[in-house]
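Working notes, structure below.
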Amino acid sequence: MKIVILCDIHGNLPALEAVMREVRQNISPDAVFFGGDVVGYGPWPGETIDLVRDVMTAGVLGNHDAGVIGKVDATDYYDAVRYVINWTRSQLSRKQTDFLNSLKFIHVEEHFGNFLLSHGSPLNPSKYDYIFNCRGVSRLFEVEKFLKHINFIGHSHYLNLFLLTGDRKTIELSLDTGEVNLASVMGYSLICVCGSVGQPRDGDPRSSFISFDTETKLLRVHRVEYNVEQTVQKIKSLRLPVSFGERLLHGT
Ligand SMILES: [Fe+2]
7 MKIVILCDIH
17 GNLPALEAVM
27 REVRQNISPD
37 AVFFGGDVVG
47 YGPWPGETID
57 LVRDVMTAGV
67 LGNHDAGVIG
77 KVDATDYYDA
87 VRYVINWTRS
97 QLSRKQTDFL
107 NSLKFIHVEE
117 HFGNFLLSHG
127 SPLNPSKYDY
137 IFNCRGVSRL
147 FEVEKFLKHI
157 NFIGHSHYLN
167 LFLLTGDRKT
177 IELSLDTGEV
187 NLASVMGYSL
197 ICVCGSVGQP
207 RDGDPRSSFI
217 SFDTETKLLR
227 VHRVEYNVEQ
237 TVQKIKSLRL
247 PVSFGERLLH
257 GT
């Protein structure tokens with residue numbers, strides 16, 4: 007079976023629409039999973055929720071989503087983020103808010119493959135710790151027995167693939183060629199950080215996401231161009247913080 011994992015969409019509807027065109031035309035997956043943060047930063051929170059709800063098989067709650075529905079304390083977030091979280095709350099219908107409330111901190115998939123999905127580190131999913139490097143991954147040895155062979159996460163907006171080895175070491179596997187066959191590392195736990203549809207931060211403004219074939223074990227990185235300027239202009243017209251638009255132009 008082929009599956010797709012979409013993370014960190016952040017109310018960027020043109021990005022999600024472009025990604026879904028690519029998914030339908032060139033991947034035709036059996037299931038689409040959502041790795042958290044459908045809202046926050048971006049100017050189309052309600053429309054983005056509606057599209058995610060329509061295409062998603064299962065998903066998890068991101069920290070911005072949780073801030074909107076009061077499941078995390080957003081008072082520590084910086085002013086511009088807090089402003090957009092409050093603005094987002096005011097834009098959502100009851101049905102859209104109910105959708106956010108229906109999402110859990112962690113999802114264990116057993117039908118379309120067997121994997122774990124969380125927004126931040128699976129060490130404690132409601133705390134939303136980031137995983138950027140092997141040091142962050144090594145803390146997961148504390149909970150290794152709860153991990154699956156593949157554990158998909160989001161939150162950092164980067165693309166990374168880490169392996170927890172049998173001798174309690176961690177290794178980062180390169181995703182530079184755009185695909186990795188995981189058949190040779192079956193039996194070890196992998197942490198796949200799935201990039202960001204709506205706000206990539208690795209210097210490439212194109213949307214990023216992951217697909218995985220549960221039979222061939224081929225994991226692929228996808229990059230998709232979308233109309234960034236449309237999102238930048240919408241952010242300006244709604245008088246949302248302009249920095250949230252400008253960063254999209256550079257993918258930072
Ligand atoms: Fe995010």
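When we follow my numbering, the leftmost residue of the sequence shown carries the number 7, and every step to the right adds one. Where a beta carbon is used, it is the ideal one built from N, C-alpha and C, also for glycine. It should be emphasised that the depicted structure is a prediction, and the values quoted were computed from it without experimental measurement.
C-alpha distance - residue i paired with residue j, whole-angstrom precision
i	j	result
F118	L12	15 Å
D173	V114	25 Å
V45	V199	19 Å
T176	S99	44 Å
R141	E148	13 Å
W50	V191	40 Å
G41	L122	10 Å
E23	V248	22 Å
L146	N139	12 Å
V227	S214	7 Å
E116	Y232	33 Å
K8	D36	5 Å
L153	G17	30 Å
D82	D43	17 Å
L181	L246	34 Å
One or two residues paired with residue i in a DSSP bridge
i	result
T176	L170
C13	Answer by DSSP bridge pairing: none, since C13 is not bridged.
I216	I11 and V227
E185	R226
N157	L122 and I197
L165	C200
Contact belief for residue i with residue j at Cβ below 8 Å, rounded distance in angstroms
i	j	result
E178	L167	7 Å
G257	G209	5 Å
E150	L170	7 Å
N69	V58	At roughly 16 Å, the Cβ-Cβ gap does not stay under 8 Å, so N69 and V58 are not in contact.
V61	I33	Not confirmed; about 12 Å, so no contact.
S132	F158	Not really, about 17 Å apart at Cβ, beyond 8 Å.
Cβ pair count under 8 Å reaching 3, the stretch 18-35 against the stretch 85-95: no
Given 8 Å, three or more beta-carbon pairs between the stretch 63-80 and the stretch 90-97: yes
Any beta strand (DSSP E) of 3 or more consecutive residues that is wholly inside the stretch 62-143: 112-115 and 121-124
At least three beta-carbon pairs within less than 8 Å, the stretch 218-226 to the stretch 235-255: no
Segments assigned beta strand (DSSP E), at least 3 residues, entirely inside the stretch 20-50: 37-40
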